[in-house]
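The structure appears right after this line, and notes come after that.
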Amino acid sequence: MTKRRDRPGVGPESGPTLDAAPEPSRGRSARPAPAREAPHVATAHVLAESAMAIAEAVEHAVLEERKRADRALALALRMRRDLAPPDHRFISQVVFALFRWRGWIEPLRLARPEERLLLAWLLDAPSVHPVCRSWARAVGRDPGRLVALGDAPNWTARAEELKRLLDGRPVTADPWRLFPPWLREHLPLPPGGATPKMKLLELLNALQARPPLWVRAQGDAPDALWAELRVGGVKPWVHRRVTHAAKVDPEADLHHLPAFQRGMLEIQDLASQAVGLVCDPDPGERWWDACAGAGGKALHLSALMGGKGVVVATDNYLSRLKEAARRARRGPFRNLTTREWDGRHVAGKPKTYDGVLVDAPCSAIGTWRRNPDARWTLDREAIARLADLQGQLLHAAAAGVKPGGTLVYSVCTLTPTETQGVVRGFLDAHPEFRLDPFPHPLADAPTNGTLLIWPQDADTDAVFVARMV
159 MTKRRDRPGV
169 GPESGPTLDA
179 APEPSRGRSA
189 RPAPAREAPH
199 VATAHVLAES
209 AMAIAEAVEH
219 AVLEERKRAD
229 RALALALRMR
239 RDLAPPDHRF
249 ISQVVFALFR
259 WRGWIEPLRL
269 ARPEERLLLA
279 WLLDAPSVHP
289 VCRSWARAVG
299 RDPGRLVALG
309 DAPNWTARAE
319 ELKRLLDGRP
329 VTADPWRLFP
339 PWLREHLPLP
349 PGGATPKMKL
359 LELLNALQAR
369 PPLWVRAQGD
379 APDALWAELR
389 VGGVKPWVHR
399 RVTHAAKVDP
409 EADLHHLPAF
419 QRGMLEIQDL
429 ASQAVGLVCD
439 PDPGERWWDA
449 CAGAGGKALH
459 LSALMGGKGV
469 VVATDNYLSR
479 LKEAARRARR
489 GPFRNLTTRE
499 WDGRHVAGKP
509 KTYDGVLVDA
519 PCSAIGTWRR
529 NPDARWTLDR
539 EAIARLADLQ
549 GQLLHAAAAG
559 VKPGGTLVYS
569 VCTLTPTETQ
579 GVVRGFLDAH
589 PEFRLDPFPH
599 PLADAPTNGT
609 LLIWPQDADT
619 DAVFVARMV
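Quick note on numbering: the sequence shown equals residues 159 to 627 in the working numbering.
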């Protein structure tokens with residue numbers, strides 16, 4: 159059951175994604191590829207023209223053909239082998255910025271694509287890229303007056319600076335305009351002592367930010383791995399409680415690090431790692447990750463079990479399962495198997511799993527910072543449809559839990575319908591299960607058996623998780 163957050167990355171914007179990784183070297187026995195001269199970094203003019211053409215193609219693919227931006231972008235970039243990796247990175251960032259700030263840019267009805275991309279970059283980035291000056295000159299603006307607003311301290315400061323950039327032209331700088339109109343009615347109120355308005359604005363600010371890049375250390379010696387990364391020029395910010403998790407520069411080239419190629423480093427958002435910690439599997443147990451996608455959480459379960467026991471990863475997309483199997487082969491543990499799942503019957507014999515994880519398909523609102531195009535293609539009616547599917551998957555997978563075993567439900571969204579609503583419906587229909595309180599994996603706090611991880615609190619995706627026994 160594949161979710162939007164499992165899609166392949168296309169650069170530092172989506173980064174190397176939570177559940178995707180490139181093919182590592184196959185060793186000395188592999189036939190070496192023919193030598194090919196690396197492309198040179200494009201001039202500002204060439205890069206400006208290339209970015210405009212690719213942005214137009216990706217916008218059409220997303221808004222007219224309902225394709226996913228990362229896939230459309232990856233296809234477009236593969237066709238431009240003349241562009242170097244830094245050029246790909248810039249184009250990826252500006253295309254995602256265009257979707258992220260679409261709600262403010264489109265009402266301006268700007269005639270020139272250069273101006274749309276210029277504003278998208280300035281709103282999104284902490285610094286002015288040389289291409290921005292090329293775009294500014296093309297539309298008759300003074301390149302010397304450009305100011306990057308990505309680090310603006312608040313919504314008001316960003317809106318005022320945007321007006322200055324537009325020479326006082328009226329702008330619609332309401333934060334809610336950056337999201338679909340139906341979102342307001344589907345958001346729960348975040349915790350905290352601020353006013354409801356301020357708490358929601360803080361949440362919107364987190365959903366609007368560029369995504370961080372979290373990684374997970376495999377094995378029992380995370381400190382040694384973090385030290386190896388530092389030697390390799392990558393500075394990890396290690397989480398104070400989850401010492402196997404660290405945040406790194408989103409533009410870090412992790413795929414070429416020896417630790418990554420040895421399978422000792424996995425790219426996985428901190429909130430996704432928290433789900434595995436809530437599962438809390440023991441070595442030697444038998445676990446089933448029912449909606450495994452490309453295997454990010456299944457690999458984490460395997461690591462938490464120290465490679466002892468069995469993790470069965472299932473999905474209804476064989477391509478994702480192949481990716482999960484490939485990643486498992488790259489890593490140090492060999493207790494993960496994959497199989498296709500129809501979403502209706504237990505994978506194997508009923509009541510034979512110590513634990514079952516249902517990381518269900520969802521509206522994925524919690525990943526909108528990573529996939530900003532998704533906010534413009536998801537409709538409100540989808541939430542009810544997804545909740546029905548989530549309930550069906552949870553019901554089917556629960557039949558695999560042995561007496562006294564653990565059932566974990568998680569989704570990367572915030573809507574009460576898909577979170578507490580699905581859990582309440584399941585418990586009403588299955589009185590043999592009850593919520594199982596667990597400690598908050600990222601903070602020193604208890605839970606009642608359910609947890610909503612807020613992006614503004616932990617600089618992560620938003621994730622809901624419930625544990626039942």
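Heads up, the beta-carbon is just placed ideally off N, CA and C, and yes, glycines get one too.
Note to self: If I follow the unbroken beta strand (DSSP E) through Leu494, where does it start and stop?
What the structure shows: Walking along the sequence shown from the start, residue 494 turns up at place 336. Note, Leu494: beta strand (DSSP E), 494 to 498.
Note to self: When you compare the segment 418 to 430 with the segment 336 to 345, are there three or more beta-carbon pairs, one atom per stretch, that lie closer than 8 Å?
What the structure shows: no
Next item on the list: Mark Leu428 as exposed unless 16 or more other C-beta atoms lie within 10 angstroms of its C-beta, in which case mark it buried.
Entry: Here the question's residue 428 lines up with position 270 in the sequence shown. When all chains shown are included, Leu428 counts as buried.
Margin query: Using the Cβ count rule (16 or more neighbours within 10 Å means buried), how would you classify Val305?
Written below: Within the sequence shown, numbered from 1, the residue matching residue 305 stands at position 147. Exposed, since its Cβ has fewer than 16 Cβ neighbours within 10 Å.
Item checked: As assigned by DSSP and simplified to three states, the class of Glu223 -> As a working mapping, residue 223 is identified with position 65 in the sequence shown. Looking at Glu223 - three-state DSSP - the assignment turns out to be coil, as it is neither helix nor strand.
Notebook entry, point to check: Any chance the segment 366 to 380 sits against the segment 395 to 414, with 3 or more Cβ pairs inside 8 Å?
Noted result: yes
Margin query: Are the CB atoms of Lys560 and Asp517 within a distance shorter than 8 Å?
Written below: Position 359 of the sequence shown, counted from the first residue, corresponds to residue 517. Position 402 of the sequence shown, counted from the first residue, corresponds to residue 560. No, the pair does not count as a contact, with Cβ atoms beyond the cut-off.
Check: Hey, how far is the Cα of Asp325 from the Cα of Asp300?
Finding: Residue 325 sits at position 167 when you count from the first residue of the sequence shown. Residue 300 sits at position 142 when you count from the first residue of the sequence shown. Straight-line Cα distance between these residues: approximately 11 Å.
Item checked: Beta-carbon contacts of Val627 that lie in its chain and below 8 Å, excluding the five residues immediately before and after -> Translated into positions along the sequence shown, residue 627 becomes position 469. Answer for Val627: Gly562, Gly563, Thr564, Leu565, Phe591, Arg592, Asp594, listed in chain order.
Check: Ends of the beta strand (DSSP E) at Asp378?
Finding: Numbered from its first residue, the sequence shown carries residue 378 at position 220. Counting along the chain, Asp378 falls outside any beta strand (DSSP E), and DSSP gives it neither H nor E.
Next item on the list: Let me know if Met356 comes out buried or exposed under the rule of 16 or more other beta-carbons within 10 Å of its beta-carbon.
Entry: Reading the sequence shown from its first residue, position 198 is the one you call residue 356. Per the 10 Å Cβ criterion, exposed.
Margin query: Is it buried or exposed, Thr605, if we count other Cβ atoms within 10 angstroms and call 16 or more buried?
Written below: The sequence position of residue 605 within the sequence shown is 447, counting from 1. Burial call: buried.
Item checked: Buried versus exposed call for Pro190 [16 or more other C-beta atoms within 10 Å across all chains shown] -> Counting from 1 along the sequence shown, the entry for residue 190 is found at position 32. Any reading at Pro190 is ruled out, since the residue's pLDDT is 39, under 50, leaving its predicted position unreliable.
Next item on the list: Excluding the 5 residues preceding and the 5 following Asp407 in the sequence, name in chain order all residues of the same chain whose CB lies nearer than 8 Å to its CB.
Entry: The sequence position of residue 407 within the sequence shown is 249, counting from 1. Counting only Cβ-Cβ distances below 8 Å, and skipping sequence neighbours, we find Leu371, Val392, Lys393.
Next item on the list: Taking Gly261 as the reference, give the member of Gly583, Asp531, Gly579 with the closest Cα.
Entry: Here the question's residue 261 lines up with position 103 in the sequence shown. Ranking Gly583, Asp531, Gly579 by Cα distance to Gly261 puts Asp531 first.
Checklist line | Reduced DSSP category for Ala296 - H, G, I as helix; E, B as strand; rest coil | finding: Residue numbering aside, residue 296 sits at position 138 when the sequence shown is read from its first letter. In the structure shown, Ala296 sits in a helix (DSSP, three-state: H, G or I).
Checklist line | Burial state of Asp245, where buried means 16 or more other Cβ atoms lie within 10 Å | finding: Stepping through the sequence shown from its first residue, residue 245 is reached at position 87. Result: buried.
Next item on the list: Determine the contact status of Pro348 and Leu361, defining contact as a CB-CB distance below 8 Å.
Entry: In the sequence shown, the residue the question calls residue 348 occupies position 190. In the sequence shown, the residue the question calls residue 361 occupies position 203. Less than 8 Å divides the Cβ of Pro348 from the Cβ of Leu361.
Margin query: Given this structure, state the Cα-to-Cα distance separating Gly185 from His414, to the nearest angstrom.
Written below: In the sequence shown, counting from the first residue as 1, residue 185 sits at position 27. In the sequence shown, counting from the first residue as 1, residue 414 sits at position 256. Low local confidence applies: a pLDDT of 36 at Gly185 is under 50, so the model's placement there is unreliable, and no value is given.
Check: Which of helix, strand or coil does DSSP assign to Phe248?
Finding: In the sequence shown, residue 248 corresponds to position 90, counting from 1. Helix at Phe248.
Notebook entry, point to check: Quick one, which of Lys509, Gly583, Ala294, Pro333 has its alpha-carbon nearest Trp313's?
Noted result: Looking up residue 313 in the sequence shown gives position 155. Closest option to Trp313, Cα to Cα, is Pro333.
Check: Taking buried to mean at least 16 other C-beta atoms within 10 Å of its own C-beta, is Leu610 buried or exposed?
Finding: The residue given as residue 610 occupies position 452 in the sequence shown. Label assigned to Leu610: buried.
Next item on the list: State yes or no: is the beta carbon of Pro599 nearer than 8 Å to at least one beta carbon in chain C?
Entry: Included in the structure is just one protein chain, with no chain C present.
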